[in-house]
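Just below is one structure, and these are the notes that go with it.
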Amino acid sequence: MDWKIFLYVFLIFVFLIFIKISRFRVNGKKILSLPLRILFALFFPLLLVVLLVFSSVFFLFLFIFLVFLFFLFFVLGRIRLYSRKKKNVSDDIITVHRVKRK
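Listed below in structure tokens is the structure:
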């Protein structure tokens, strides 16, 4: 009976991560595609369970911190908040505008 409780908690955790990842949008467009959202939702809780079973508390907190940093850098890399604007490569382009007479 105890394993059923852990299974339900694991599935709830996966579902919550999937919902949270689904809300990330930039300019109205989703950052991650559906397969990547499912992969993230399954991978991180599974890795967390493996670390809970096979490691100490110190490594668990270290893992949580590293996952948070990875996810933060991933999201910031996709959003490109601090990227520089691209400069025109060729500055010798001449633009001609015509004005009609009335």
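Just so we're aligned, residue 36 is where the sequence shown starts under the numbering used here, counting upward by one.
Glycine included, each C-beta is placed from N, C-alpha and C at the ideal position.
The structure displayed is predicted, hence computed values, not measured ones.
Pairwise C-alpha distance: residue j and residue i
| i | j | result |
| --- | --- | --- |
| residue 117 | residue 85 | Its pLDDT being 49, under 50, residue 117 is placed unreliably in this model, and the value from its coordinates should be taken loosely. Taking the straight line joining both Cα atoms gives about 36 angstroms. |
| residue 83 | residue 95 | 8 angstroms |
| residue 133 | residue 108 | 48 angstroms |
| residue 41 | residue 50 | 14 angstroms |
| residue 102 | residue 39 | 27 angstroms |
| residue 97 | residue 130 | 57 angstroms |
| residue 55 | residue 48 | 11 angstroms |
Local Cβ density within 10 Å of residue i, reported as buried at 16 or more and exposed below that
| i | result |
| --- | --- |
| residue 72 | buried |
| residue 79 | buried |
Candidates the options, of which the one nearest residue i by Cα
| i | options | result |
| --- | --- | --- |
| residue 66 | 130, 131, 106 and 136 | 106 |
| residue 57 | 74, 130 and 98 | 74 |
| residue 69 | 52, 62, 81 and 80 | 52 |
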